[in-house]
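Colleague: Take a look at the following structure, please.
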Amino acid sequence: MNGWTGNFLRINLSTKSVKKESFTEKFAKTWIGGRGFALKILWDELKPEIDALDPENKLVIALGPIAGIPAPNTGKTVVAAKSPLTGGYGDGNLGTRVTVELRKAGYDAMIIEGKADSPIYLNIVNDKVEILPANEIWGKGTYDTMDWLYKKYGKAAGILTIGQGGENKVLYAVIRSMEGRSGGRPGIGAVMGSKNLKAIVVKGTKDIPMADPAGMKELGAGDLKKVGEIDKKTGWSIQGTTGVLSWCNEVAALPVRNMRKTSHPDAWKIDGERLNNARVATYGCPNCTMRCGITIHDHEGRESELDYENIGMLGSNLEIFDLPQVGSLNYLCDDYGLDTISAGGVLGFYADAIDRGSVEGDFKFGDAERAKELLRMTAYREGVGDFLAGGTMRMAQKIGRNSMDYAMHVKGLEISAYNCKFIPGMALAFATSPIGAHHKESWVIMFEITQTSRESYGREKAQKVIELQRIRGGIFEFIVACRFPWIELGWDLQHYADYFNKITGMKWTLDDFFKVSDRIYALMKFFWVREFPNWDRTRDYPPKVWFDPSNADKEGPIAGKILEWDKFEELLDSFYEIRGWDKRGIPTKKTALRLGLAKEAAKVEKYTKLD
Amino acid sequence: MKIKVKMIGPLIYEAGFSEKELELEKSITASQLLSLVKIQERRPKIITRNGKAIALDEELEDGDRIAISPIYSGG
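Chains as they are written, first to last, in our numbering: chain D, 208 to 818; chain R, 23 to 97.
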């Protein structure tokens with residue numbers, strides 16, 4: 208089967224069984240790979256309403272047909288499971304050598320089931336799978352773990368690992384790789400920890416089956432070079448993603464003080480220019496010629512890799528405008544294996560709740576030293592750290608006193624670094640992101656602010672959110688590649704269809720891809736509905752504080768303005784209508800049939816009636 | 023008239039400055055400002071005035087804060 212190895216690797220850690228399983232061409236063409244494979248496997252194999260940290264949950268590591276092929280930015284892997292943070296479908300993607308090595312080992316996905324009796328790690332070399340004791344690395348941070356594994360297996364090995372956060376099942380623990388890469392915001396690292404699985408090492412030596420290997424080699428190598436040249440010409444990677452911070456500060460979209468404010472006069476102290484000036488080194492994912500991983504020396508002198516989301520959430524959101532200190536918080540999150548976005552959201556919410564007198568505590572905005580201690584306590588679930596390890600939504604449920612109104616999450620996942628108190632389309636993007644509030648699905652904010660009226664709740668915004676979901680949450684998540692060349696460097700989307708066709712021998716257009724995207728979004732929603740059978744649209748709502756007139760900015764470009772409920776509801780209706788979903792936000796039976804989800808619709812009807 | 027200009031991301035290195043105040047004898051458009059600060063016209067970019075997007079043919083006014091940014095797709 209050109210384009211796919213045709214194999215899954217299934218490892219049950221309870222029984223220690225290892226199986227190589229084949230999948231059909233029909234399955235491959237229906238779900239393509241990455242997020243599509245992971246979702247379908249979890250949908251078919253998980254019993255609904257299980258505890259996400261129970262051995263019954265499964266960890267899926269999935270690749271796409273262009274993953275690992277030398278072509279622009281194809282070094283990404285999807286990690287997925289039922290999320291312990293949200294209770295719904297959860298996934299993330301990260302750049303890692305596992306992408307290349309697992310494909311060369313002969314697999315398109317790995318399914319990890321059960322739970323080991325004691326801490327272990329996996330060593331996979333082609334068809335050989337070893338389950339080995341992890342006594343020497345259990346309890347270590349991700350940097351020491353990577354070092355230990357590098358010494359044993361070499362730097363060319365593909366490695367995924369968790370830190371103490373995953374071991375102690377912090378609900379927003381991530382999976383880490385290559386020292387600077389993280390994935391799985393909705394607690395996928397906690398699922399790995401719940402299985403007593405500390406790390407996965409992969410090496411492969413096989414060829415990836417391709418319809419036109421010589422043609423792909425030539426095309427991919429040429430395009431990698433071209434992308435690198437465009438990057439050099441435009442200078443994008445001088446600051447990477449961190450130019451976004453200055454822009455958000457200009458247009459009143461920066462998260463400041465648990466998103467109470469939208470800009471700050473000291474924001475320049477932590478911007479991309481300061482970051483570039485302090486640069487120690489630059490890192491990137493495999494097959495990348497526009498590397499965005501910029502490291503600096505943190506407050507303690509360690510090398511810490513920063514991007515916009517880390518700085519926004521651990522810097523401005525906590526009112527910490529000291530770049531080395533932000534670097535330290537980021538380093539600790541990376542070492543413990545905690546999601547930096549959620550950690551910044553959790554600490555911001557905690558400081559806000561203390562500030563409002565809703566909970567007692569000794570953490571204040573701007574206190575970097577206490578923030579470091581709280582991150583350590585969170586990773587080990589010590590003292591108040593146990594409370595912080597549950598994430599913002601659970602903290603608000605415990606605190607009560609209307610604190611849920613300013614708990615900055617959707618569906619339990621903390622909002623990433625864009626303050627949308629007056630950006631209706633981006634608020635919709637967070638509201639309808641299929642894993643909870645993540646920017647990766649539909650970053651509509653720049654289009655919205657520059658190409659439309661910011662005040663508008665018009666249908667064109669819902670349309671654009673969906674268009675971006677189809678590309679970003681769809682195509683880039685199932686063929687599996689990084690999206691940065693596409694917008695940042697203007698690298699045409701058609702290139703990805705060309706790679707796909709060269710590899711598979713198919714003749715797909717972008718419209719064929721969009722249909723797969725819509726199928727995946729519909730099934731992700733069915734996954735949530737099966738977990739929460741009383742599903743209604745309120746689960747798609749952004750936090751109330753974005754609609755509270757007393758929270759409007761007092762000055763600046765959006766002074767006195769705030770989101771309006773009635774209009775937002777209309778925008779949400781437009782989104783549902785364009786998607787072919789009902790007013791509860793559930794795909795209708797007609798939509799399910801159109802997308803080839805008849806069996807899935809029948810299954811979900813055991814839980815709730817479809818329109 | 024005086025305006026403040028803020029460059030964002032890689033445009034800082036293209037223009038050769040991060041932020042500065044410009045004193046102008048007469049009003050100019052956003053497009054004319056791009057030539058003045060030596061930003062390639064063909065390069066995709068977005069311009070905001072006091073935090074709100076403006077078109078290339080809009081006239082700038084005394085006291086404006088103009089930010090010029092490349093196009094991003096997120097963090």
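Just so you know, even glycine gets a beta-carbon here, dropped at the ideal spot from N, CA and C.
Find out if the Cβ-Cβ distance for the pair residue 328 (chain D), residue 405 (chain D) is shorter than 9 Å.
Modeller: Residue mapping note: residue 328 (chain D) aligns to position 121 of the first sequence, counting from 1. Residue mapping note: residue 405 (chain D) aligns to position 198 of the first sequence, counting from 1. Contact flag set, yes.
Colleague: Compile a chain-ordered list of the residues in the stretch 31 to 53 of chain R whose CB is closer than 9 Å to at least one CB of chain D.
Modeller: Going along the stretch 31 to 53 of chain R in chain order, one finds 31, 32, 33, 34, 35, 36, 40, 41 with a Cβ nearer than 9 Å to chain D.
Colleague: Hey, how far is the Cα of residue 491 (chain D) from the Cα of residue 499 (chain D)?
Modeller: Sequence index remark: in the first sequence, residue 491 (chain D) carries index 284 (1-based). Sequence index remark: in the first sequence, residue 499 (chain D) carries index 292 (1-based). Distance between the alpha carbons of residue 491 (chain D) and residue 499 (chain D) is about 6 Å.
Colleague: Is it true that the CB of residue 805 (chain D) sits closer than 9 Å to the CB of residue 817 (chain D)?
Modeller: For this step, residue 817 (chain D) is matched to residue 610 along the first sequence. For this step, residue 805 (chain D) is matched to residue 598 along the first sequence. In this structure, residue 805 (chain D) does not lie closer than 9 Å to residue 817 (chain D) by Cβ.
Colleague: Within 9 Å (strictly less), CB to CB, does residue 60 (chain R) reach chain D?
Modeller: For the purposes of this step, residue 60 (chain R) is taken as the residue at position 38 of the second sequence. No, its Cβ sits nowhere closer than 9 Å to a Cβ of chain D.
Colleague: Could you tell me which residues DSSP pairs with residue 490 (chain D) in its beta bridges?
Modeller: Sequence index remark: in the first sequence, residue 490 (chain D) carries index 283 (1-based). Residue 490 (chain D) pairs with D:500.
Colleague: Just checking, does the stretch 641 to 658 of chain D make contact with the stretch 612 to 624 of chain D on the three C-beta pairs under 8 Å criterion?
Modeller: As far as the Cβ criterion goes, the stretch 641 to 658 of chain D touches the stretch 612 to 624 of chain D, which means the pair count is three or higher.
Colleague: Taking the alpha carbon of residue 443 (chain D) as the point to measure from, which residue in R:59, R:70, R:35, R:68 has its own alpha carbon closest?
Modeller: Along the first sequence, one-based indexing puts residue 443 (chain D) at 236. Cα-wise, what sits closest to residue 443 (chain D) is R:35.
Colleague: Compare the C-beta of residue 85 (chain R) with all C-beta atoms of chain C and state if any pair is closer than 9 Å.
Modeller: The question asks about chain C, but that chain is absent: this structure's protein chains are D and R.
Colleague: State the DSSP-derived secondary structure class of residue 684 (chain D), mapped to helix, strand or coil.
Modeller: Numbered from its first residue, the first sequence carries residue 684 (chain D) at position 477. Three-state DSSP puts residue 684 (chain D) in a helix.
Colleague: Going straight from the alpha carbon of residue 572 (chain D) to that of residue 210 (chain D), what length do you get?
Modeller: Along the first sequence, read from residue 1 onward, the residue named residue 572 (chain D) stands at position 365. Along the first sequence, read from residue 1 onward, the residue named residue 210 (chain D) stands at position 3. One C-alpha to the other measures close to 50 Å.
Colleague: Rounded to whole angstroms, what is the Cα-Cα separation between residue 564 (chain D) and residue 554 (chain D)?
Modeller: For this step, residue 564 (chain D) is matched to residue 357 along the first sequence. For this step, residue 554 (chain D) is matched to residue 347 along the first sequence. Approximately 15 Å between the Cα atoms of the pair.
Colleague: When the distance is taken between beta carbons, is residue 707 (chain D) closer than 9 Å to residue 326 (chain D)?
Modeller: Stepping through the first sequence from its first residue, residue 326 (chain D) is reached at position 119. Stepping through the first sequence from its first residue, residue 707 (chain D) is reached at position 500. No, these two residues do not count as a Cβ contact at 9 Å.
Colleague: Could you tell me if residue 231 (chain D) is buried or exposed, where buried requires 16 or more neighbouring beta carbons within 10 angstroms of its beta carbon?
Modeller: Within the first sequence, the letter at position 24 stands for residue 231 (chain D). Exposed: under 16 other Cβ atoms inside 10 Å.
Colleague: With a threshold of 16 other CB atoms inside 10 Å of the CB of residue 716 (chain D), please say whether the residue is buried or exposed.
Modeller: In the first sequence, counting from the first residue as 1, residue 716 (chain D) sits at position 509. Residue 716 (chain D) should be labelled exposed.
Colleague: Kindly say whether residue 99 (chain R), judged by its beta-carbon, lies nearer than 9 Å to any beta-carbon of chain D.
Modeller: Since the first residue shown for chain R is 23 and the last is 97, residue 99 (chain R) is missing from the structure and cannot be characterised.
Colleague: Going by DSSP in three states, residue 216 (chain D) sits in which element: helix, strand or coil?
Modeller: As a working note, residue 216 (chain D) is residue 9 in the first sequence. If DSSP states are grouped into helix, strand and coil, residue 216 (chain D) belongs with the strands.
Colleague: So which residues on chain R does residue 691 (chain D) lean against when the C-beta distance must stay under 8 Å?
Modeller: Against the first sequence, residue 691 (chain D) aligns to sequence position 484. The contacting residues are 95.
Colleague: Check whether chain R comes within 9 Å of residue 761 (chain D), counting only Cβ atoms and requiring the distance to be less than that.
Modeller: One-based indexing of the first sequence puts residue 761 (chain D) at position 554. Chain R contact via Cβ: absent.
Colleague: Residues of chain R with a CB under 7 Å from the CB of residue 189 (chain D): which are they?
Modeller: Chain D is shown only over 208 to 818; residue 189 (chain D) falls outside these bounds and no answer can be derived.
Colleague: I need the DSSP call for residue 641 (chain D), collapsed to helix, strand or coil.
Modeller: As a first step, residue 641 (chain D) is located in the first sequence; it is residue number 434 there, counting from the start. Looking at residue 641 (chain D) - three-state DSSP - the assignment turns out to be strand.
Colleague: For the stretch 515 to 531 of chain D, enumerate the residues whose C-beta is nearer than 8 Å to any C-beta of chain R, in chain order.
Modeller: Listed by position along the chain: 515, 516, 519.
Colleague: Note down, in chain order, every chain R residue with its Cβ under 7 Å from the Cβ of residue 662 (chain D).
Modeller: Here residue 662 (chain D) refers to the residue found at position 455 of the first sequence. Chain R residues near residue 662 (chain D): none, gap ~11 Å exceeds 7 Å.
Colleague: Going by other Cβ atoms of all chains shown within 10 Å of its Cβ, with 16 needed for buried, is residue 422 (chain D) buried or exposed?
Modeller: In the first sequence, counting from the first residue as 1, residue 422 (chain D) sits at position 215. So residue 422 (chain D) ends up on the exposed side.
Colleague: Identify the residues that DSSP records as bridge partners of residue 581 (chain D): which are they?
Modeller: Your numbering for residue 581 (chain D) matches position 374 in the first sequence. Answer by DSSP bridge pairing: none, since residue 581 (chain D) is not bridged.
Colleague: Touch check for the stretch 459 to 477 of chain D and the stretch 516 to 532 of chain D: three-plus C-beta pairs under 8 Å?
Modeller: Yes: at least three Cβ pairs fall under 8 Å.
Colleague: Use the C-beta contact count for residue 229 (chain D): other C-beta atoms within 10 angstroms, 16 or more gives buried, fewer gives exposed.
Modeller: As a working mapping, residue 229 (chain D) is identified with position 22 in the first sequence. So residue 229 (chain D) ends up on the exposed side.
Colleague: Find out if the Cβ-Cβ distance for the pair residue 529 (chain D), residue 477 (chain D) is shorter than 9 Å.
Modeller: Residue mapping note: residue 529 (chain D) aligns to position 322 of the first sequence, counting from 1. Residue mapping note: residue 477 (chain D) aligns to position 270 of the first sequence, counting from 1. Contact: yes.
Colleague: Is residue 769 (chain D) close to chain R, meaning its C-beta is less than 9 Å from at least one C-beta of that chain?
Modeller: The residue you call residue 769 (chain D) lines up with position 562 of the first sequence. Chain R, which has no Cβ nearer than 9 Å to the Cβ of residue 769 (chain D), makes this no.
Colleague: Return no unless some Cβ of chain R is closer than 9 Å to the Cβ of residue 614 (chain D).
Modeller: Position 407 of the first sequence, counting from 1, holds the residue named residue 614 (chain D). Cβ-Cβ to chain R under 9 Å: no for residue 614 (chain D).
Colleague: Any idea if residue 320 (chain D) is buried or exposed, counting beta-carbon neighbours within 10 angstroms, 16 or more meaning buried?
Modeller: Position 113 of the first sequence, counting from 1, holds the residue named residue 320 (chain D). Under this definition residue 320 (chain D) is a buried residue.
Colleague: Can you say whether residue 539 (chain D) is buried or exposed, counting buried as having 16 or more other CB atoms within 10 angstroms of its CB?
Modeller: Mapped onto the first sequence, residue 539 (chain D) falls at position 332. So residue 539 (chain D) counts as buried.
Colleague: Select from D:413, D:771, D:417, D:736 the residue whose C-alpha is nearest the C-alpha of residue 794 (chain D).
Modeller: Taking the first sequence and counting its residues from 1, the one referred to as residue 794 (chain D) is at position 587. The shortest C-alpha separation from residue 794 (chain D) is found at D:736.
Colleague: On a CA-only basis, which of D:251, D:280, D:801, D:295 is nearest residue 258 (chain D)? Give me that one, please.
Modeller: By one-based count along the first sequence, residue 258 (chain D) stands at place 51. With distances taken between Cα atoms, residue 258 (chain D) lies closest to D:295.
Colleague: Near residue 355 (chain D), what residues of its chain come up, given a Cβ to Cβ distance below 8 Å and the 5 sequence neighbours on each side ignored?
Modeller: Stepping through the first sequence from its first residue, residue 355 (chain D) is reached at position 148. Excluding residues within five positions, the ones whose Cβ falls inside 8 Å are 343, 344, 347.
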